[in-house]
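Novice:
Number of protein chains: 2
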Amino acid sequence: MFISLDLQSDAPIYVQLRNKIIEGIASKELLPGDPLPSVRNLAKDLGVNMHTINKTYQLLKADGFIQIHRQKGVVINPDGFPEVTDVFLEKVKETFRPIIAEAICRGMSKEELLSHCEKIFQDILEGGNRK
Amino acid sequence: MFISLDLQSDAPIYVQLRNKIIEGIASKELLPGDPLPSVRNLAKDLGVNMHTINKTYQLLKADGFIQIHRQKGVVINPDGFPEVTDVFLEKVKETFRPIIAEAICRGMSKEELLSHCEKIFQDILEGGNRK
DNA sequence: TGTCTGATATATAATAAATATAACAGATAG
DNA sequence: CTATCTGTTATATTTATTATATATCAGACA
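Residue numbers (this note's numbering), protein chains in the order written: chain A, 20 to 150; chain B, 20 to 150.
1) If we ignore side chains and look at the alpha-carbon of each, how far apart do residue 68 (chain B) and residue 62 (chain B) end up?
2) Mapping the DSSP letters down to three states, classify residue 97 (chain A) as helix, strand or coil.
3) Can you look up residue 55 (chain B) in the DSSP assignment and give me helix, strand or coil?
4) Determine, using beta carbons only, whether residue 74 (chain B) comes closer than 9 Å to chain A.
5) Could you give the first and the last residue of the continuous beta strand (DSSP E) run that contains residue 86 (chain A)?
6) Could you tell me whether the stretch 106–115 of chain B touches the stretch 124–134 of chain B, using the rule of 3 or more Cβ pairs below 8 Å?
7) Short of 9 Å Cβ to Cβ, which residues in the stretch 116–136 of chain A face chain B?
8) For a contact meaning CB atoms closer than 7 Å, what does residue 102 (chain A) contact in chain B?
9) Closer than 7 Å, Cβ to any Cβ of chain A: which residues of the stretch 29–44 of chain B, in chain order?
10) I need the boundaries of the alpha helix (DSSP H) containing residue 82 (chain B), first residue and last residue.
11) Rounded to the nearest angstrom, what separates residue 117 (chain B) and residue 42 (chain A) at their Cα positions?
12) Any chance the stretch 79–98 of chain A sits against the stretch 71–89 of chain B, with 3 or more Cβ pairs inside 8 Å?
13) How is the alpha helix (DSSP H) around residue 66 (chain A) delimited, first residue to last?
14) Along the alpha helix (DSSP H) that carries residue 117 (chain A), what are the first and last residues, could you check?
15) Whole angstroms are fine: how far does the CA of residue 138 (chain A) sit from the CA of residue 131 (chain A)?
16) With a threshold of 9 Å between beta-carbons, can residue 46 (chain B) be considered close to chain A, or not?
17) Can you say whether residue 150 (chain B) is buried or exposed, counting buried as having 16 or more other CB atoms within 10 angstroms of its CB?
Have a look at this one:
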């Protein structure tokens, strides 16, 4: 995992980090059972505070993407990942809807939109286009 | 325009309102030249502060979706809307990427994803599924 | 016995979001 | 002319979020 944070971004660090790890899982760069750095080590590597990393891990744990063992450390969930729940679908809608609406205003066709989505999907699978 | 705000949402009020208006434009419920309520009236109607509305209008103006005339009021841009710029495409990517990555982790297929996007696109055009 | 885990507590600083008032300049209807 | 409506601007305050700085605790382990 090469993790780079964008300190200029309006997205909080702990969210950026969460997303990076999710992308790592999606691209199979991170496999079930793989270890993640300890809270303190990752904080040191990224030059941020321990609590910021802890917040990210707690989020990922709550969603079922990682397991946290008190003394062993943090691992990508070896028992598989959460499914597509109604809650998640709702999140998809709420996130996509405003952007798609703006795309329509700007004259983007449905085909064009789907093409962009497809490309992003592929890029993630191939682990590319990472910032 | 029936505008309802979700005070429970984590999205700021001024952003929610911006999105509602963008959706109104996308669904052609709001047409070029149509007037929008004055800052003070809308604030009163929604039960929020004047500055919150003003922030929304300034955002929409900066992006070219509305025009603001000092004494006449606010109208949906009669000269047409902004195009699909590189900046906007970048915003699409950055917004979609984390969600699509999570969708992949949860086992959603590409076809399933595109189907959801297509549905959202249609829903907006039809002015439905509004909250 | 150190040293590593995560977990937890407390305090502080910086920023963003929202509100509360107030005042200003220009247009316009009475 | 006056009152009222625009958007604009300024100032101050409150609240919540984000991030940091320290510190401590309990369990595991070499």
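All C-beta atoms in this analysis are idealised placements derived from N, C-alpha and C, irrespective of residue type, glycine included.
Specialist: From the atom records:
1) Locating residue 68 (chain B) in the second sequence gives position 49, counting from the first residue. Locating residue 62 (chain B) in the second sequence gives position 43, counting from the first residue. So the alpha carbons of these two residues sit roughly 6 Å apart.
2) Looking up residue 97 (chain A) in the first sequence gives position 78. Reduced to three states, the DSSP call for residue 97 (chain A) is coil.
3) Here residue 55 (chain B) refers to the residue found at position 36 when the second sequence is read from its first residue. If DSSP states are grouped into helix, strand and coil, residue 55 (chain B) belongs with the strands.
4) Working through the second sequence from its first residue, we reach residue 74 (chain B) at position 55. So no, residue 74 (chain B) is outside the interface.
5) Sequence index remark: in the first sequence, residue 86 (chain A) carries index 67 (1-based). Start and end: 85–88.
6) no
7) 116, 117, 118, 119, 120, 121, 122, 123, 124, 125, 126, 127, 129, 131, 132, 133, 135 and 136
8) Residue mapping note: residue 102 (chain A) aligns to position 83 of the first sequence, counting from 1. Neighbours of residue 102 (chain A) on chain B, chain order: 125 and 126.
9) 38, 41, 42 and 44
10) The residue you call residue 82 (chain B) lines up with position 63 of the second sequence. Element bounds for residue 82 (chain B): 69–82.
11) Start at 1 with the first residue of the second sequence, and residue 117 (chain B) comes out as number 98. Start at 1 with the first residue of the first sequence, and residue 42 (chain A) comes out as number 23. One C-alpha to the other measures close to 7 Å.
12) no
13) For the purposes of this step, residue 66 (chain A) is identified with residue 47 of the first sequence, where counting begins at 1. Neither: residue 66 (chain A) is in no alpha helix (DSSP H) and is coded neither H nor E.
14) Your numbering for residue 117 (chain A) matches position 98 in the first sequence. 105–124 is the extent of the alpha helix (DSSP H) around residue 117 (chain A).
15) In the first sequence, counting from the first residue as 1, residue 131 (chain A) sits at position 112. In the first sequence, counting from the first residue as 1, residue 138 (chain A) sits at position 119. Those two C-alpha atoms are separated by around 11 Å.
16) Translated into the one-based positions of the second sequence, residue 46 (chain B) becomes position 27. By this cut-off, residue 46 (chain B) is an interface position.
17) The residue you call residue 150 (chain B) lines up with position 131 of the second sequence. Any reading at residue 150 (chain B) is ruled out, since the residue's pLDDT is 43, under 50, leaving its predicted position unreliable.
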